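In terms of this note's numbering, the sequence shown opens at residue 8 and continues consecutively.
We put the CB at the ideal spot given by N, CA and C, even for glycine.
A quick note: this is a predicted structure, and the numbers were derived from the prediction, not measured.
Quick notes on the structure that follows.
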Amino acid sequence: MGIIGFLKNWTLPAAIATGTICYLTFNYVPALDEAGNFMAPIFDTIFPLFVFLTLFVTFCKIDFHQLLPHRWHIGVLTAQLLLVAAVIGVIWLVKENAEQKVLWEAVLTCIIGPAAAASPVVTGKLGGNINTMTTFVIISSIVSSILIPAVFPILEQTVHLSFVHAFLIILSKVAVVLILPLILGWIMQHYVKPLCRKITAVPNLSFYLWGISLSITTGITVKNIVHSNATIQLLLMIAVASFVLCFIQFIIGRSIGRKLGETINSGQALFQKNTALSIWVAYMYLNPVASVGAGCYVIWQNIINSVEIWDYNRKHGTASK
């Protein structure tokens with residue numbers, strides 16, 4: 008297997024490594040300071056664009072007649088709500104210990120956030136149903152938009168959230184990169200069919216676009232960790248907790264799916280999170296250090312995704328040689 012084959016099989020770890028190396032290089036090489044300052048706002052601008060394009064390509068392929076609620080959606084949402092309630096209980100018990108409170112708030116951000124907007128892309132690579140996954144992402148975004156403004160003021164007394172205002176802000180952040188490409192995908196399928204066929208004919212286009220998005224996300228994550236004012240001990244505790252949580256949500260999701268006939272979809276739905284939104288809400292409404300949890304989580308979840316994809320390709324004889 009050559010370099011091209013390796014990159015095809017391990018796109019996500021390669022994207023994580025690229026984002027990490029690029030940020031650390033620009034951050035620690037003084038000669039690149041000016042270039043780094045110039046590029047930073049550009050990357051902030053193009054990140055949502057690549058997420059948008061990733062979903063647009065995916066939505067050009069989905070069957071809009073199958074965008075219906077399924078019983079596995081209820082199972083996964085119930086598990087998410089129970090996990091949120093359990094962590095809130097722990098935070099309430101340790102609230103007098105500032106470090107422990109931040110740790111568990113970091114864990115909460117990795118649970119309460121909606122399913123990743125790009126989760127249908129990975130689900131498709133694993134042979135799952137991108138139609139039902141797309142439906143879940145929409146439902147999950149609405150549920151999280153209700154949960155976050157309802158829960159965060161309880162945890163941080165300094166947070167003064169107007170429920171309706173916060174709900175609309177959070178929902179708008181996911182709508183731009185989720186609902187708009189969904190609408191455009193429908194338009195392409197019905198009114199621009201020749202171009203739609205050309206887009207969908209490009210193998211793995213949405214997956215590689217997501218790889219670029221992941222590189223940018225990783226760079227932002229590394230930046231938040233490097234510039235965090237938290238102790239090394241707390242940062243390590245958050246990293247380990249997010250790693251363990253990633254597996255817990257993955258296993259619970261898969262267990263629910265096995266009982267309801269949607270193992271792949273349920274597993275991805277519960278554990279693959281919209282970490283960009285989670286980082287933002289943690290930074291805005293909780294202790295900013297808590298945002299490191301979602302930042303670490305994005306790395307762990309994509310390593311798991313890569314192993315899943317490699318294993319799926321190995322079993323189905325589609326791994327690149």
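Mapping DSSP to helix, strand and coil, what is A125? Counted from its first residue, the sequence shown places residue 125 at position 118. Here A125 sits in coil by DSSP.
Would the region 201–217 and the region 64–84 be scored as touching if the rule is three or more Cβ pairs under 8 Å? yes
Who are the Cβ neighbours of T25 in its own chain at under 6 Å, not counting the five residues just before and after it? Along the sequence shown, read from residue 1 onward, the residue named residue 25 stands at position 18. Around T25: S222.
The alpha helix (DSSP H) spanning E41 covers which residue range? Taking the first residue of the sequence shown as 1, we reach residue 41 at position 34. Taken as a continuous stretch (DSSP letters only), the alpha helix (DSSP H) holding E41 covers D40 to F66.
Please confirm if the region 293–306 is in contact with the region 108–119, defined as three or more CB-CB distances below 8 Å between the two stretches. yes
When D318, L267 and H323 are compared against W17, the one with the closest alpha-carbon: Position 10 of the sequence shown, counting from 1, holds the residue named residue 17. Nearest option by C-alpha distance: D318.
Can you tell me which of I227, F278, I311 and T130 puts its alpha carbon nearest to the alpha carbon of P48? Within the sequence shown, the letter at position 41 stands for residue 48. Here the closest residue by C-alpha is I227.
Check whether the region 148–160 touches the region 127–135, counting contact only when three or more Cβ pairs, one atom from each stretch, lie closer than 8 Å. no
Answer yes if the region 191–202 comes into contact with the region 295–313, meaning at least three C-beta pairs across the two stretches below 8 Å, and no otherwise. no
What first and last residue would you give for the alpha helix (DSSP H) that runs through D318? As a position in the sequence shown, residue 318 is number 311, starting the count at 1. S298 to H323 is the extent of the alpha helix (DSSP H) around D318.
Does the distance from the C-beta atom of Q279 to that of A22 stay below 8 Å? One-based indexing of the sequence shown puts residue 279 at position 272. One-based indexing of the sequence shown puts residue 22 at position 15. The answer is no: Cβ separation not under 8 Å.
Check whether P76 and T142 have beta carbons under 8 Å apart: Start at 1 with the first residue of the sequence shown, and residue 76 comes out as number 69. Start at 1 with the first residue of the sequence shown, and residue 142 comes out as number 135. Against a cut-off of 8 Å, the Cβ pair of T142 and P76 comes out as a contact.
Following the continuous alpha helix (DSSP H) through E112, name the residue where it begins and the one where it ends. As a first step, residue 112 is located in the sequence shown; it is residue number 105 there, counting from the start. First-last of the alpha helix (DSSP H) with E112: A105 to I119.
Across the region 33–46 and the region 83–101, are there enough close Cβ pairs to call them in contact, namely three or more that are closer than 8 Å? no
Pairwise C-alpha distance: L202 and L115: Here residue 115 refers to the residue found at position 108 when the sequence shown is read from its first residue. Here residue 202 refers to the residue found at position 195 when the sequence shown is read from its first residue. Rounded to whole angstroms, L115 to L202 spans 42 Å at the Cα level.
By DSSP's criteria, K280 is part of a beta bridge. Which residues make up the other side? Residue 280 sits at position 273 when you count from the first residue of the sequence shown. Paired residues: A122.
For the alpha helix (DSSP H) that Q256 lies in, which residues bound it at each end? Against the sequence shown, residue 256 aligns to sequence position 249. Taken as a continuous stretch (DSSP letters only), the alpha helix (DSSP H) holding Q256 covers I239 to L267.
Less than 8 Å between the beta carbons of I155 and I119, yes or no? In the sequence shown, counting from the first residue as 1, residue 155 sits at position 148. In the sequence shown, counting from the first residue as 1, residue 119 sits at position 112. Yes, these two residues count as a Cβ contact at 8 Å.
Measure the CB-CB distance between F59 and V199 and report whether it falls below 8 Å. The residue given as residue 59 occupies position 52 in the sequence shown. The residue given as residue 199 occupies position 192 in the sequence shown. In this structure, V199 does not lie closer than 8 Å to F59 by Cβ.
Identify the continuous alpha helix (DSSP H) that holds I227 and give its terminal residues. To locate residue 227, count along the sequence shown from 1; it is residue 220. Looking at the DSSP string, the run of the alpha helix (DSSP H) that includes I227 is L212 to V233.
Does the distance between the C-beta of L74 and the nearest non-hydrogen atom of the ligand NAP fall short of 7 Å? The model on display carries no ligand, and the ligand NAP is accordingly not part of it.
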